[in-house]
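Trainee:
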Amino acid sequence: MDDTNQAPIIVIGGGPVGAATALGLARQGLQVHLLESRPTLRADDRRTLALAAGSQHLLAQLGAWPSVAVTPIHDIHISQRHRFGQTVLTAQEAGMPALGHVLRYNTLMEKFSEVVQETPGLCVETGAEVTAVIPGNARAEVVWQCQGQERRAKTPLAILADGGRALTAQVFGAAREKPYAQVALVAQVETDQVAGNLAYERFTSEGPIALLPLGQSYTVVWTGTKDRVEARLLWSEAEFLERLQEAFGRRAGRFLRVAGRSWFPLALKVLPSVIRPHCVAIGNAAQTMHPVAGQGLNMGLRDAAQLIQLVTRDSSADVGSGAQLQRFVALRQRDRRWGIAFTHSLVGVFSNDWPVVTQGRGWALAALNGLPGMRRALTRVMSFGF
């Protein structure tokens, strides 16, 4: 669809989901205005992202896939510490070049920043703090502050891709929120073995531990209670490495160094409704999930892909219409509902050290290890959604 007379679609939030949505719509000939509160799309943020195969495919289609500083995951080893039951998911068995890719947030945003500047029809305004989004029968109105001035614009479709709680609640109502008893510690660790392309998910009495290969080292995500994680932050490097070794074992070799320890809280937040007249919420604005299954950002990018497909397929007169947004909800309902339920159930099953739960978990992993068809089905769900 190409209609240069159509008022611009406004995308709020220039993170990966918002940038991908704006880029995808503009590449199909639509006029798009992307509002980002930070001074630049480039981010001084070294968080580690694990992007599924479906997300990589979308970003490659958009020309936004980085060519450097990306590590493909070929295999994922899943096991329990001091318990029976393990399995390995492999890209080869699934018939895929990679199960996913690991990269830094700033690496991805650097690529987005380059590509959006070269895309006709896409206007990026940074330093724009959105203060209100007002749904309307004909169009929505967006109000923002930039350089000390208030600006307003009406749009056929306001897309909220930013996880800011206040603005999202103002437009869509309060999210259903369930804090988890756990928080997540994140750090970079080096071992005496080459990291390669093997990721680990290890369930321990201290909480689940994930190791994601990135270059010659790993990003470790170690969950636990807040008190326990705060204690881990205070340990010396030697004590941290020793305790991590005790908890994880030696499957990845001997831990040698750790850097950049930090933590973040974990919670499930879900908007009961993601649409209002000429407004839609996607990504973290619509749902925030536990990282145990690595589905949060990947689900947000699937939101973006579906919205791009719907909006660019319909006529310009249908952009942001009630019928179009209802179709979006219907098309995303299965993946969103099952993805959230799947992730939430994993938190209960794999963050619990009761003997009956660990035994059941072991039998489930052992059964999965003996059923290649089920492994392939699980790999597909994790890569492309439900």
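So in this note's numbering, the last one in the sequence shown is 387, and the numbering has no gaps at all. Backbone N, C-alpha and C define an ideal beta-carbon position, used for all residues, glycine too.
#1: Can we say the region 263 to 275 touches the region 118 to 131, given the rule of at least three CB pairs closer than 8 Å?
#2: When the Cα of N285 is compared with those of I276, L272, A54, E247, which residue comes out closest?
#3: Can you name, in chain order, every residue of its own chain whose Cβ lies under 7 Å from the Cβ of F387, other than the five neighbours on each side?
#4: Could you tell me the distance, in whole angstroms, from the CA atom of E151 to the CA atom of E142?
#5: According to DSSP, is D4 helix, strand or coil?
#6: Give me the Cα-Cα distance between T5 and Q81, rounded to the nearest whole angstrom.
#7: Contact between the region 32 to 44 and the region 57 to 70: three or more CB pairs below 8 Å?
#8: Can you pull the DSSP bridge partners for D46?
#9: For I210, which residues does DSSP report across the bridge?
#10: Check each candidate in L347, A306, A342, H291 and name the one with the smallest Cα separation from F329.
#11: Cβ-heavy atom distance between G323 and the ligand GDP below 7 Å?
#12: How many angstroms separate the CA atom of I276 from the CA atom of G323?
#13: Let me know the secondary structure DSSP gives T289 once reduced to three states.
#14: Just grab the DSSP bridge partners of Q296 for me.
#15: Within this structure, are the beta carbons of L104 and A27 separated by less than 8 Å?
#16: To the nearest angstrom, how far is the alpha carbon of D45 from that of F113?
#17: With a floor of 4 residues, list each alpha helix (DSSP H) that falls wholly inside the region 88 to 176, ordered by position along the chain.
#18: Would N138 be called buried (16 or more neighbouring beta carbons within 10 Å of its own) or exposed?
#19: As a quick exercise: from G197, G208, E202, A167, pick the residue whose alpha carbon is nearest that of Q183.
#20: Below 8 Å on the Cβ atoms is my guess for A185 versus P17; work out the distance and round it to an integer in Å.
Mentor: Based on what the coordinates show:
#1: no
#2: The residue labelled residue 285 in the question sits at position 284 within the sequence shown. Of the candidates I276, L272, A54, E247, the one whose C-alpha sits nearest the C-alpha of N285 is L272.
#3: As a first step, residue 387 must be located in the sequence shown, where it is residue number 386. So the qualifying residues of the chain are R335, D336, W339, G340.
#4: Within the sequence shown, the letter at position 150 stands for residue 151. Within the sequence shown, the letter at position 141 stands for residue 142. In a straight line, the C-alpha of E151 is about 13 Å away from that of E142.
#5: Along the sequence shown, read from residue 1 onward, the residue named residue 4 stands at position 3. With a pLDDT of 47 at D4, under the threshold of 50, the modelled position of that residue is not reliable, and no figure is offered here.
#6: By one-based count along the sequence shown, residue 5 stands at place 4. By one-based count along the sequence shown, residue 81 stands at place 80. Any reading at T5 is ruled out, since the residue's pLDDT is 43, under 50, leaving its predicted position unreliable.
#7: Flag = no, the region 32 to 44 and the region 57 to 70 do not touch.
#8: Residue mapping note: residue 46 aligns to position 45 of the sequence shown, counting from 1. Bridge partners of D46: none, in fact.
#9: For the purposes of this step, residue 210 is taken as residue 209 along the sequence shown, with counting starting at 1. Answer by DSSP bridge pairing, in chain order: R203, W223.
#10: Position 328 of the sequence shown holds residue 329. Minimum Cα distance to F329 is reached at A306.
#11: Questions concerning the ligand GDP fall outside what the structure shown contains, since it holds no ligand whatsoever.
#12: As a first step, residue 276 must be located in the sequence shown, where it is residue number 275. As a first step, residue 323 must be located in the sequence shown, where it is residue number 322. One C-alpha to the other measures close to 9 Å.
#13: To locate residue 289, count along the sequence shown from 1; it is residue 288. In the structure shown, T289 sits in a strand (DSSP, three-state: E or B).
#14: Here the question's residue 296 lines up with position 295 in the sequence shown. Its beta-bridge partners do not exist; DSSP assigns none.
#15: Position 103 of the sequence shown, counting from 1, holds the residue named residue 104. Position 26 of the sequence shown, counting from 1, holds the residue named residue 27. In this structure, A27 does not lie closer than 8 Å to L104 by Cβ.
#16: The residue labelled residue 45 in the question sits at position 44 within the sequence shown. The residue labelled residue 113 in the question sits at position 112 within the sequence shown. Their backbone Cα atoms lie some 14 Å apart in a straight line.
#17: 92 to 95, 106 to 118, 166 to 173
#18: Taking the sequence shown and counting its residues from 1, the one referred to as residue 138 is at position 137. The residue is exposed, with fewer than 16 neighbouring Cβ atoms inside 10 Å.
#19: Taking the sequence shown and counting its residues from 1, the one referred to as residue 183 is at position 182. Ranking G197, G208, E202, A167 by Cα distance to Q183 puts G208 first.
#20: Residue 185 sits at position 184 when you count from the first residue of the sequence shown. Residue 17 sits at position 16 when you count from the first residue of the sequence shown. At roughly 19 Å, the Cβ-Cβ gap does not stay under 8 Å, so A185 and P17 are not in contact.
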